[in-house]
Amino acid sequence: MKPNAGMVTLALSKGRIFDETLPLLQAAGIKVLEDPEKSRKLILTTSRPEVRVIIVRATDVPTYVQYGGADLGVTGLDTLIEHGAAAGGGLYQPLDLQIARCRVSVAVRVDFDYASAVRQGSRLKVATKYVNIARDFFAAKGVHVDLIKLYGSMELAPLTGLADAIVDLVSTGNTLKANQLVEVERIMDISSRLVVNQAALKLKRDAIRPLIDSFAAAVGKLQPA
Ligand code: PRT
Ligand code: MG
């Protein structure tokens, strides 16, 4: 028997995704019984004996769900696109949960003239964790870029001369401001998505379908348009 047979496993990452998914779970009648910030446990029990939550790195959520380590997961559209699963590949995306909203933007130092660099056809050095999103965006714009892959603290790249620009997530804009950076392009709006393993949906339909339905109802209720 597979270790998760008869059990529905939801993959979440610690921090804002976990925090913002809790009210949706609550609305679906599910209480998570342990706090991932306080416990070292990576498998959390819930008030439903057949539902458990696993805590994984945000970038690992699509991987867990795609390969069946989890039946469902919550992941940012940014992470989903970079994972390369937006086009399918065993991942069913039934729902925009409208949580953890932000945008992917291009930012530069306040003293860098981005508009004229683009106008003059200069080659831009762009540092980002989001190489796929950045590559597609600048290609569509006809701007030549050298992409530098980073895993964090993108804001440092223009300040240290590593890059001319960054492609990063922006929410309030406070982080950019605190680092003398300015947003010069908005690439796309981001929110978190529910992702479901397609095979699990078939095999455990009776358990998973009602969960998706109550999430859908909760999204409508918690976020009136
Ligand atoms: O942090 P870690 O390396 O473990 O993983 P992660 O960064 O992938 O996870 P986490 O929890 O930070 O982000 C998970 C998801 O939340 C992202 O994939 C986004 O879909 C979503 N989200 C929403 C955000 C933000 N808002 C956000 N503001 N993720 C990150 N940020 C960061 C941003 O990178 C920047 O450093 O916050 C800073 C900007 O915030 P403002 O408010 O100052 O503009
Ligand atoms: Mg982070």
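The numbering of the sequence shown is the working numbering, which starts it at -7 and goes up by one.
Cβ coordinates follow ideal geometry from the N, Cα and C atoms, glycine included.
(1) Once the 5 residues before and after residue 26 are set aside, which same chain residues still bring their CB inside 7 Å of it?
(2) I'd like to check one pair, residue 47 with residue 4: are the Cβ atoms closer than 9 Å?
(3) Do the stretch 101 to 121 and the stretch 53 to 69 touch if we need at least three Cβ pairs shorter than 8 Å?
(4) Measuring CB to CB, does residue 57 end up less than 9 Å from residue 176?
(5) In three-state terms, what does DSSP make of residue 105?
(6) Considering only their Cβ atoms, is the gap separating residue 29 from residue -1 smaller than 9 Å?
(7) Taking 8 Å as the cut-off, does the CB of residue 146 come closer than this to any heavy atom belonging to ligand 1?
(8) Quick one: what's got a C-beta closer than 6 Å to residue 204's C-beta in the same chain, skipping five residues either side?
(9) Within 10 angstroms of the Cβ of residue 186, are there 16 or more other Cβ atoms? Answer buried if so, exposed if not.
(10) Quick test of the definition: if touching needs 3 or more C-beta pairs under 8 Å, does the stretch 94 to 104 touch the stretch 142 to 155?
(11) Helix, strand or coil, according to DSSP, for residue 86 in the structure here?
Quick look at the numbers:
(1) One-based indexing of the sequence shown puts residue 26 at position 34. Counting only Cβ-Cβ distances below 7 Å, and skipping sequence neighbours, we find 33, 36 and 37.
(2) One-based indexing of the sequence shown puts residue 4 at position 12. One-based indexing of the sequence shown puts residue 47 at position 55. Cβ distance < 9 Å, so residue 4 and residue 47 count as in contact.
(3) no
(4) As a first step, residue 57 is located in the sequence shown; it is residue number 65 there, counting from the start. As a first step, residue 176 is located in the sequence shown; it is residue number 184 there, counting from the start. No, Cβ-Cβ distance for residue 57 and residue 176 is not below 9 Å.
(5) Translated into the one-based positions of the sequence shown, residue 105 becomes position 113. Coil at residue 105, not helix or strand.
(6) Taking the first residue of the sequence shown as 1, we reach residue -1 at position 7. Taking the first residue of the sequence shown as 1, we reach residue 29 at position 37. No, they are not a contact pair.
(7) As a first step, residue 146 is located in the sequence shown; it is residue number 154 there, counting from the start. Under cutoff, so the answer is yes.
(8) Translated into the one-based positions of the sequence shown, residue 204 becomes position 212. For residue 204, where only same-chain residues beyond five positions count, the Cβ hits under 6 Å are 86.
(9) Counting from 1 along the sequence shown, the entry for residue 186 is found at position 194. Answer is buried; the Cβ neighbour count reaches 16.
(10) yes
(11) Residue mapping note: residue 86 aligns to position 94 of the sequence shown, counting from 1. Strand, per DSSP.
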